[in-house]
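*Asks:* If you scroll down you'll find the structure; I have some questions about it.
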Amino acid sequence: MNKCFKPTRTVLIAVGSFNPPTNMHLRIFELAKDFLQKNDHEVLGGIISPVHDQYGKKGLVTAEHRCSMLKLAVETSNWVNISEWETQQEGWTRTAESLKFYKKALNDINSEFDWAKKIQAKMLDKEFPLNINLKLLCGADLIESFAVPGLWKDEDIEDIVSNYGLVVISRSGSNPQQFIYESDLLTRLQRNISIVPEWITNEISSTKIRRALSRGESVRYLTSDSVIDYIQTNRLYIQ
Amino acid sequence: MNNCFKPTRTVLIAVGSFNPPTNMHLRIFELAKDFLQKTDQEVLGGIISPVHDQYGKKGLVSAEHRCSMLKLAVETPNWVNISDWETQQEGWTRTAESLKFYKAKKIQAKMLDKEFPLNINLKLLCGADLIESFAVPGLWKDEDIEDIVSNYGLVVISRSGSNPQQFIYESDLLTRLQRNISIVPEWITNEISSTKIRRALSRGESVRYLTSDSVINYIQTNRLYIQ
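Below is the structure:
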């Protein structure tokens, strides 16, 4: 019997505020893709899903601005897409719910969503079922936030890790392996957690960019020029 | 007597291989400018002066390529300019000689009032690694270090983990001239380096968002750094 080995079809998704988007947000997609493709995954595409305004973080600019900036940030990317789905719901959506929605849409050949169509278009053979896996791309801070009391429902953590999987970008100074070790749940599900080392570390964060902007300091080369122009034109983050 | 305070007119210059140029190379100009403008220095502009091919580092691509990539890197409306002067000399030029040449050139375009003498200060922009290389036996002439620091000045970008202040403390020469050395802390640290970019490229890995898309396209079109 001839058994052809087929790589696992995977889509990466990142959630968050993106307030504003930074080069780091885009860089982690690149790192994750390189890593997974060396580990028998076919990475079909990426999705950035910004959070609903109702998430309520201090200083969060409107979804309209955040989506506009994100679209500018991925303009030159041929595989990462923006989805406004979360921002268009009634209120804030739990990550587990978002993942359920996205996985279903990606595997629906009749999906009307742009990002789903673009990603499906990348498949070389469109056999049914599409068998597209969705993995949550994140930093060590997200996995460590699982320990914050009340922040996550235990059943959501189990759902996210077992039914989807995590791709965790790990920079020196963070230790996601230790965090997994200290959690019985994550240890049990560790085969679904990929740790991707970030050797060319950078500490760009939206918080630092907002701080610099409020101080009138340059943020060039920390995010794309088009995002910076947008911020200046719309007078965002000035105070 | 009316004594108008005028900020010191300063131009920043960075030298090196730029093999290839990275976002870090451009970022340090931004950090230095923000810092100096808060300390009463009017930053007129910046110069990137790539080294001559004869510098001989392993894997150094031709000056033509490096200058092309640098021009792409600073393409978007910018205050930093590329000078191919070093690359066009007979051979490698000592940093002190380069500084002497550039200072004499007098970058005039950006000055609001063109009084004479032009009084433009030229400062060498660098990382802590350059200042620490002063201690490497035989790498620098002592008189060049003295010349560079006293007649021009250094702007040193310091990231966590490096300690240029300690290095200055341990050097009598640099301690004596410390008023000419500005240490600019880099709070949003990044460890992008040309070496790491070359390594990633030789391994077929992505370097997007570590340098500009136009530089990446150039590298791919010209098949640089593949092995």
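Protein chains in written order, with our numbering: chain A, 651 to 889; chain B, 995 to 1221.
Even glycine gets a Cβ: it sits at the ideal position worked out from N, Cα and C.
Given a threshold of 16 other Cβ atoms within 10 Å of its Cβ, counted over all protein chains shown, does B:Arg1192 qualify as buried or as exposed?
*Replies:* B:Arg1192 comes out buried.
*Asks:* Enumerate in chain order the residues of its own chain whose CB-to-CB distance from B:Ala1008 is below 6 Å, with the five nearest sequence positions on each side excluded.
*Replies:* Counting only Cβ-Cβ distances below 6 Å, and skipping sequence neighbours, we find Ile1042 and Leu1119.
*Asks:* Exposed or buried, what is A:Arg838 when buried is set at 16 or more other beta-carbons lying within 10 Å of its beta-carbon?
*Replies:* exposed
*Asks:* Run through DSSP, which three-state label would A:Met651 get?
*Replies:* Legend: pLDDT at A:Met651 = 46, less than 50; position of this residue unreliable, value from coordinates given subsequently. A:Met651: coil per DSSP, three-state reduction.
*Asks:* Compute the Euclidean distance between the alpha carbons of A:Asn842 and A:Gln827, then round it to the nearest angstrom.
*Replies:* Going from the Cα of A:Asn842 to the Cα of A:Gln827 covers about 13 Å.
*Asks:* Helix, strand or coil for B:Asn1017 per DSSP?
*Replies:* helix
*Asks:* Hey, how far is the Cα of B:Lys1052 from the Cα of A:Ser795?
*Replies:* 45 Å
*Asks:* Do B:Ala1026 and B:Ser1206 have their CB atoms nearer than 7 Å?
*Replies:* Not a contact, by the Cβ cut-off of 7 Å.
*Asks:* Under 7 Å, Cβ to Cβ, is there at least one residue of chain B near A:Asn673?
*Replies:* Yes, contact with chain B.
*Asks:* Which residues mark the beginning and the end of the alpha helix (DSSP H) in which A:Val724 is found?
*Replies:* Unbroken run through A:Val724: none, as it is neither H nor E.
*Asks:* Quick one: residues in its chain with C-beta nearer than 8 Å to the C-beta of A:Asn652, no 5 flanking neighbours on either side, listed in chain order?
*Replies:* A caution first: A:Asn652 carries a pLDDT of 47, below 50, which makes its placement in the model too unreliable to give a value.
*Asks:* Quick check on the DSSP output: what are the complete alpha helix (DSSP H) runs of length 4 or more inside the region 686-739 of chain A, in order along the chain?
*Replies:* Listed in chain order, the complete alpha helix (DSSP H) runs (minimum 4 residues) inside the region 686-739 of chain A are 713-723.
*Asks:* Give the range of the alpha helix (DSSP H) segment to which B:Val1009 is assigned.
*Replies:* First-last for B:Val1009: Thr1002 to Gly1010, but that is the beta strand (DSSP E), not the alpha helix (DSSP H).
*Asks:* Just mark A:Tyr831 as buried or exposed, buried being the case when its beta carbon has 16 or more other beta carbons within 10 Å.
*Replies:* Exposed, because fewer than 16 other Cβ atoms sit within 10 Å of the Cβ of A:Tyr831.
*Asks:* Name, going along the chain, the residues of the region 842-855 of chain A whose beta-carbon falls closer than 9 Å to a beta-carbon of chain B.
*Replies:* Closer than 9 Å at the C-beta level to chain B, one finds these residues of the region 842-855 of chain A: Trp849, Ile850, Thr851, Asn852, Glu853, Ile854 and Ser855.
*Asks:* Contact criterion: CB-CB distance below 7 Å. Does A:Ser868 meet it with respect to chain B?
*Replies:* yes
*Asks:* Is it buried or exposed, A:Glu847, if we count other Cβ atoms within 10 angstroms and call 16 or more buried?
*Replies:* It is Pro, not Glu, that sits at residue 847 of chain A in the sequence shown. Looking at its Cβ environment, which holds fewer than 16 other Cβ atoms inside 10 Å, A:Pro847 is exposed.
*Asks:* Which residue from B:Val1150, B:Gly1010, B:Phe1128 and B:Ile1162 puts its Cα closest to that of B:Asp1078?
*Replies:* B:Gly1010
*Asks:* Reducing DSSP to helix, strand and coil, say where A:Glu853 ends up.
*Replies:* coil
*Asks:* What residue range is occupied by the uninterrupted beta strand (DSSP E) comprising A:Glu664?
*Replies:* Looking at the sequence itself, residue 664 of chain A is Ala, so the reference to Glu does not match. Counting along the chain, the beta strand (DSSP E) containing A:Ala664 begins and ends at Thr658 to Gly666.
*Asks:* Does the beta carbon of A:Arg677 come closer than 7 Å to any beta carbon on chain B?
*Replies:* yes
*Asks:* Could you pull out every residue in the same chain whose Cβ sits closer than 6 Å to the Cβ of A:Lys753, ignoring the five residues on either side in sequence?
*Replies:* Within the same chain, Cβ atoms closer than 6 Å to the Cβ of A:Lys753 are found at Leu784, the five residues on either side in sequence being excluded.
*Asks:* With 16 other CB atoms within 10 Å as the buried threshold, where does A:Asn757 fall?
*Replies:* buried
*Asks:* Tell me the start and end of each unbroken alpha helix (DSSP H) in the region 745-784 of chain A that is at least 4 residues and wholly inside, in chain order.
*Replies:* 745-756 and 764-771
*Asks:* Below 8 Å, can you find three or more Cβ-Cβ pairs linking the region 857-877 of chain A to the region 1079-1090 of chain B?
*Replies:* no
*Asks:* Is the shortest distance between the beta-carbon of B:Leu1020 and the beta-carbons of chain A less than 7 Å?
*Replies:* yes
*Asks:* Shortest alpha-carbon distance to B:Ile1175 belongs to which of B:Lys1135, B:Thr1183, B:Ile1151 and B:Glu1137?
*Replies:* B:Ile1151
*Asks:* CB-CB under 6 Å to B:Ser1208, same chain, minus the five flanking residues each way: which ones, in chain order?
*Replies:* Leu1066
*Asks:* Could you spell out the range, first to last residue, of the beta strand (DSSP E) harbouring B:Asn1075?
*Replies:* Run containing B:Asn1075: Val1074 to Ile1076, per the beta strand (DSSP E) assignment.
*Asks:* Check the Cβ-Cβ distances between B:Ile1007 and every residue of chain A, and say whether any is below 7 Å.
*Replies:* no
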